[in-house]
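K.L.:
Here it is, the structure in full.
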Amino acid sequence: LRMVSSSPIGNEPVSDEELRPHVLDGFIGQPRLKAQLQLFLDAARKRDVPPDHILLAGPPGLGKTTLAMIVANELEVPIRVTSGPAVQHAGDLASILSSLDTGEVLFIDEIHRLPRAAEELLYIAMEDFRVDVMVGKGPGASSIPLTLPRFTVIGATTREGMLPSPLRARFGFTAHLDFYPQEELEKLIERSANVLGVNLDDGSAHELALRSRGTPRIANRLLRRVRDWAIVHDLIMVRPDDVKEALALYQIDSEGLDRLDLAVLNAIVRNFGGGPVGLNNLAAMVGEESETVETVCEPYLVREGFLMRTPKGRVATEKAWQHLGLTPTSDVSK
Ligand code: ADP
């Protein structure tokens with residue numbers, strides 16, 4: 019799995035595993051989504067058929083992979099994991115599909131990045147449980163239709179809008195994951211602290227959650243850095259001030275904005291007079307891919323009221339100026 023990250027703290031994709039809940043009950047927050055998913059799974063179990071295909075949409079680190087694994091675990095079926103960029107040719111996907119067993123879950127991360135031919139093959143497979151396998155090469159090549167057992171695709175995407183509608187229409191259930199509110203993050207941090215054996219004093223989870231950008235993956239990552247701090251300083255209990263001090267070292271501010279968030283706001287304000295500025299210009303200015311700025315950075319900045327997307331481009335809000343310690347220039351406010 020490829021993780022998109024702009025954090026200076028590193029990725030630690032392997033350690034995502036140790037903090038992953040395995041049952042729906044252990045999945046923190048997102049109550050409506052959990053209730054919907056529970057019903058969906060219960061119905062499939064009662065009917066004794068593999069459930070419909072599921073699409074999970076939302077910014078990175080909010081629990082899409084975790085949910086996919088929980089679904090497979092709850093259904094007691096194996097899960098096969100691949101991703102859009104890992105599938106280079108339609109044939110790669112055809113061979114995965116033709117090796118699936120009945121009821122198996124196929125998880126496709128970044129499904130919006132599948133090549134076009136693979137996309138077409140996939141939606142036929144999802145609809146008709148059939149795949150056309152090419153035999154031979156050149157003019158003598160022919161395609162043999164192969165019937166597949168019933169299986170469940172779980173697609174994850176940070177850009178639902180990029181999925182072609184025929185593919186999107188093949189999903190019986192689409193879940194939108196949103197940033198986690200402060201209380202849910204605190205619960206998540208307390209759970210993770212238990213797993214990692216970190217002793218958090220009252221208020222420490224709160225300070226951590228404030229800096230977690232509404233994102234479980236970031237909350238867990240920051241918690242590990244705080245654990246390091248506690249180990250190095252021989253702390254038995256981590257107090258809120260320890261959290262502040264430890265995370266100040268990593269330049270995480272109390273609004274949870276990270277380096278890329280701040281670079282984007284700074285660019286809009288300082289280089290483009292507050293905007294509007296087009297996405298591509300903005301991305302070039304901060305030295306990131308447009309997709310990263312759009313899917314990793316902007317959703318949080320918009321939600322927290324630092325940035326607006328307007329038809330003319332991105333605009334920094336007054337809150338953004340203030341956060342950077344500046345006042346909006348007069349020509350921006352008109
Ligand atoms: P995504 O696939 O959306 O990028 P992941 O599912 O890989 O995100 O989640 C990143 C990390 O955050 C994992 O370690 C996972 O255990 C943790 N996590 C995410 N959502 C939750 C949640 N609701 N409850 C508990 N842990 C979570």
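Counting with full-length UniProt numbering, you get residues 19 to 352 for the letters of the sequence shown.
Glycine included, every Cβ here is placed at the ideal spot set by N, Cα and C.
#1: In the structure shown, what three-state DSSP assignment does I254 receive?
#2: Assign L80 to one of three DSSP states: helix, strand, or coil.
#3: Under 8 Å between the Cβ atoms of A75 and H194?
#4: When DSSP builds the beta bridges, which residues end up paired with V333?
#5: When the Cβ atoms of the region 52-63 are set against those of the region 207-218, are three or more pairs found closer than 8 Å?
#6: Do L214 and L241 have their CB atoms nearer than 8 Å?
#7: Would the beta-carbon of L80 be found less than 7 Å away from any heavy atom of ligand 1?
#8: Does the Cβ of H40 have 16 or more other Cβ atoms within 10 Å, making it buried, or fewer, making it exposed?
#9: Can you pull the DSSP bridge partners for M152?
#10: Measuring CA to CA, which of E263, V171 and G293 is closest to L73?
#11: Measuring from the CB of A90, is there a heavy atom of ligand 1 at a distance below 7 Å?
#12: Where does the unbroken beta strand (DSSP E) through S101 begin, and where does it stop?
#13: By DSSP, does G274 sit in helix, in strand, or in coil?
#14: Who are L218's beta bridge partners in DSSP?
P.N.:
By the coordinates alone:
#1: coil
#2: coil
#3: yes
#4: M326
#5: Put simply, the region 52-63 does not touch the region 207-218. Fewer than three CB pairs are less than 8 Å apart.
#6: One thing to note: L214 has its Cβ within 8 Å of the Cβ of L241.
#7: yes
#8: exposed
#9: S161
#10: V171
#11: no
#12: I97 to S101
#13: Here G274 sits in coil by DSSP.
#14: V256
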